[in-house]
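To start, the structure under review is shown below, and the notes come after it.
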Amino acid sequence: MGILYDDVVIIRHPEKEGDPVVITVNCPDKTGLGCDLCRIILFFGLSIVRGDVSTDGKWCYLVFWVVGNSTTRWGLLKKRLVGACPSCFSASGISYYSAESHPPRPPDVFLLKLACHDRKGLLHDVTGVLCELELTIKKVKVSTTPDGRVMDLFFVTDTRELLHTNKRKEDTYDHLRAVMGNSMISCDIEMVGLESTACSAESSFLPTAITENILPLQMPDEAQSSLTSTNVSVIMDNMLSPAHTLVQIVCRDHKGLVYDIMRTLKDYNIQISYGRFYIKHRRTCEIDLFIMQADGMKIVDPNKQKALSSRLEMELVRPLRVAVVSRGPDTELMVANPVELSGKGRPLVFHDITLALTMLNSCIFSAEIRRRMIGDREFEVYRVLLDEGEGLAVPRRKIEEQVWKMLMGWEQ
Numbered sequence: 041m042g043i044l045y046d047d048v049v050i051i052r053h054p055e056k057e058g059d060p061v062v063i064t065v066n067c068p069d070k071t072g073l074g075c076d077l078c079r080i081i082l083f084f085g086l087s088i089v090r091g092d093v094s095t096d097g098k099w100c101y102l103v104f105w106v107v108g109n110s111t112t113r114w115g116l117l118k119k120r121l122v123g124a125c126p127s128c129f130s131a132s133g134i135s136y137y138s139a140e141s142h143p144p145r146p147p148d149v150f151l152l153k154l155a156c157h158d159r160k161g162l163l164h165d166v167t168g169v170l171c172e173l174e175l176t177i178k179k180v181k182v183s184t185t186p187d188g189r190v191m192d193l194f195f196v197t198d199t200r201e202l203l204h205t206n207k208r209k210e211d212t213y214d215h216l217r218a219v220m221g222n223s224m225i226s227c228d229i230e231m232v233g234l235e236s237t238a239c240s241a242e243s244s245f246l247p248t249a250i251t252e253n254i255l256p257l258q259m260p261d262e263a264q265s266s267l268t269s270t271n272v273s274v275i276m277d278n279m280l281s282p283a284h285t286l287v288q289i290v291c292r293d294h295k296g297l298v299y300d301i302m303r304t305l306k307d308y309n310i311q312i313s314y315g316r317f318y319i320k321h322r323r324t325c326e327i328d329l330f331i332m333q334a335d336g337m338k339i340v341d342p343n344k345q346k347a348l349s350s351r352l353e354m355e356l357v358r359p360l361r362v363a364v365v366s367r368g369p370d371t372e373l374m375v376a377n378p379v380e381l382s383g384k385g386r387p388l389v390f391h392d393i394t395l396a397l398t399m400l401n402s403c404i405f406s407a408e409i410r411r412r413m414i415g416d417r418e419f420e421v422y423r424v425l426l427d428e429g430e431g432l433a434v435p436r437r438k439i440e441e442q443v444w445k446m447l448m449g450w451e452q
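Numbering (our numbering) for the sequence shown: 41 to 452.
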């Protein structure tokens with residue numbers, strides 16, 4: 041049995057302008073598929089305003105109502121969503137889907153070395169080009185010399201798996217040159233080893249605002265209200281269904297909300313049999329999920345229930361950590377982004393950070409992205425040293441709040 045390739049993902053555009061686009065996915069199931077699909081939707085700059093998910097453990101049917109980006113490349117989005125579903129095979133010249141899956145090999149890592157003259161917003165423009173080209177930034181090292189020259193080192197992987205070809209490299213050069221103009225001095229791309237983006241166990245010099253509450257799975261006693269999502273409720277119920285645990289979540293909507301829920305369940309190896317989520321008036325989101333463990337049983341152990349509900353609540357209150365700290369005489373912005381056990385993390389974080397700083401008219405002197413182990417969890421830690429010039433024009437608290445709002449989709 042199979043399903044025609046073109047029917048795996050169907051994107052239906054609305055008749056009325058302003059209504060959501062409906063994305064339907066119909067394919068063999070696998071644990072974590074919902075997380076993978078939501079990450080792709082988030083990468084394309086779309087927000088899920090409603091969703092329905094159902095599966096019998098072998099086959100799944102998912103419907104997402106999405107809004108948000110007038111420039112979305114819908115054909116490419118469909119291709120990426122199809123690629124996230126279980127692998128395809130050909131029978132009698134017709135493409136079908138099979139539930140068989142093979143672990144993918146790690147993607148090749150490339151070093152993009154970019155030398156240029158500095159200007160405001162340059163790093164955000166470069167980041168935007170890399171996102172448009174589907175080059176995933178794994179690690180960054182940006183430095184500025186006293187004479188105003190910038191050396192950017194981007195360690196990237198290519199979603200299209202073509203960056204080893206001259207054509208793809210030239211296309212990347214052309215896109216960067218079109219955005220940077222005369223600011224570009226030189227650009228070079230070369231393949232490097234996977235060890236160049238390996239996770240570091242170092243967590244020194246990370247402020248309390250970043251590391252607190254990562255080690256224990258418990259809520260902060262006094263959360264910073266402006267840098268958290270308030271009024272999060274997670275309730276677990278084993279009485280309503282004989283075979284499933286019902287998880288009911290009520291919280292304020294934010295960018296990547298459904299992804300944050302799905303990645304948490306994926307890390308706990310939890311299967312969603314049925315789920316629905318929708319945004320009500322004033323951006324309140326309600327989610328009902330009927331879940332079970334990998335062994336097909338509901339969650340009856342109180343300790344497991346508490347661990348899962350606490351983790352969900354923590355991830356929804358603070359899906360990312362943001363802090364502006366003093367580093368000697370300098371000011372540094374730090375953002376910690378949790379990484380899934382699969383090694384993937386929330387997309388577009390660096391893009392949103394640089395966009396927020398550009399909107400604040402804040403200059404970036406240097407920037408770095410590294411993966412670090414904090415406790416037993418892996419995080420992408422973004423460190424941005426701000427160029428204060430003759431003094432920081434923007435208050436530190438305002439920088440924190442602007443970056444947080446941009447990451448959460450609350451900038452308007």
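We treat Cβ as the ideally placed atom computed from N, Cα and C, and that holds for glycine.
Keep in mind it's a predicted model, so treat the numbers as computed, not measured.
Rounded to the nearest whole angstrom, the CA to CA distance from LEU116 to ILE81 is 11 Å.
Rounded to whole angstroms, ASP214 and MET448 show a C-alpha spacing of 32 Å.
Here the alpha carbon of VAL379 sits roughly 7 Å from the alpha carbon of ARG386. Per DSSP, reduced to three states, the secondary structure at ASP76 is helical. CYS125 carries a coil assignment under DSSP once its states are collapsed to helix, strand and coil. PRO68 is bridged by DSSP to TRP99. One Cα belongs to PHE194, the other to ILE339, and the distance between them is close to 43 Å. With contact defined as three or more Cβ pairs closer than 8 Å, the stretch 142-159 and the stretch 367-377 are not in contact. Minimum Cα-Cα distance from ILE275 among the listed residues MET302, LEU297, ILE327 and THR304 corresponds to ILE327. Annotation: LEU280 to ASP335 spans about 20 Å, alpha carbon to alpha carbon. Residue pairing by DSSP places LYS181 opposite LEU193 and GLU408 in a beta bridge. DSSP lists GLU372 as the bridge partner or partners of VAL365. For HIS157, the three-state secondary structure derived from DSSP is strand.
If you draw a 10 Å sphere on the C-beta of TRP114, you find fewer than 16 other C-beta atoms in it, and that means exposed. Judged by DSSP in its simplified three-state form, PHE84 adopts coil rather than helix or strand.
Inclusion of ILE439 and VAL364 in the CB contact set at 8 Å is warranted, their separation being smaller than that value. Where GLY315 is concerned, the enclosing beta strand (DSSP E) starts and stops at 311-319. Counting of Cβ neighbours within 10 angstroms places HIS284 among the buried residues, the total reaching 16 or more. Residues of the same chain with a CB within less than 6 Å of the CB of LEU154, apart from the 5 flanking positions on each side, are ASP192 and CYS227 in chain order.
Taking the C-beta atoms as reference points, GLY85 is found no nearer than 8 Å to ILE312.
Take TYR101, set aside five residues on each side of it, and the residues of its chain with a beta-carbon closer than 6 Å to its own are ASN66 and SER94, in chain order. Within the DSSP secondary-structure output, GLN333 pairs in no beta bridge. MET399 is bridged by DSSP to nothing; it lacks a bridge partner.
Residue environment analysis places ASP187 among the exposed positions, since fewer than 16 neighbouring C-beta atoms fall within 10 angstroms of its C-beta.
Boundaries of the alpha helix (DSSP H) harbouring THR304: 297-307, taken from the DSSP string. Take PRO147, set aside five residues on each side of it, and the residues of its chain with a beta-carbon closer than 6 Å to its own are THR197, in chain order.
Only residues of its own chain outside the window of five on either side were considered, and among them ILE319, ARG323 and CYS325 have a CB closer than 6 Å to the CB of ASP293, listed in chain order. Assigned with DSSP and collapsed to three states, THR167 falls in helix. Looking at the DSSP output, PRO378 sits in a beta bridge with PHE419. Taking a C-beta distance under 8 Å as the contact criterion, ILE229 and THR212 qualify as a contact pair.
The beta carbons of VAL182 and LEU216 sit about 15 Å from each other, so the pair does not count as a contact at 8 Å.
With respect to the C-alpha of ASP92, the residue from THR71, ILE63 and SER382 having the closest C-alpha is ILE63. Here GLY383 is exposed: its Cβ has fewer than 16 other Cβ atoms, across all protein chains shown, within 10 Å. Assignment of beta-bridge partners to LEU426 by DSSP yields THR371 and ILE404. Contact between TRP444 and VAL362 holds, with the beta-carbon distance rounding to 5 Å and staying under 8 Å. DSSP places ARG200 outside both helix and strand once states are collapsed to three, so it counts as coil.
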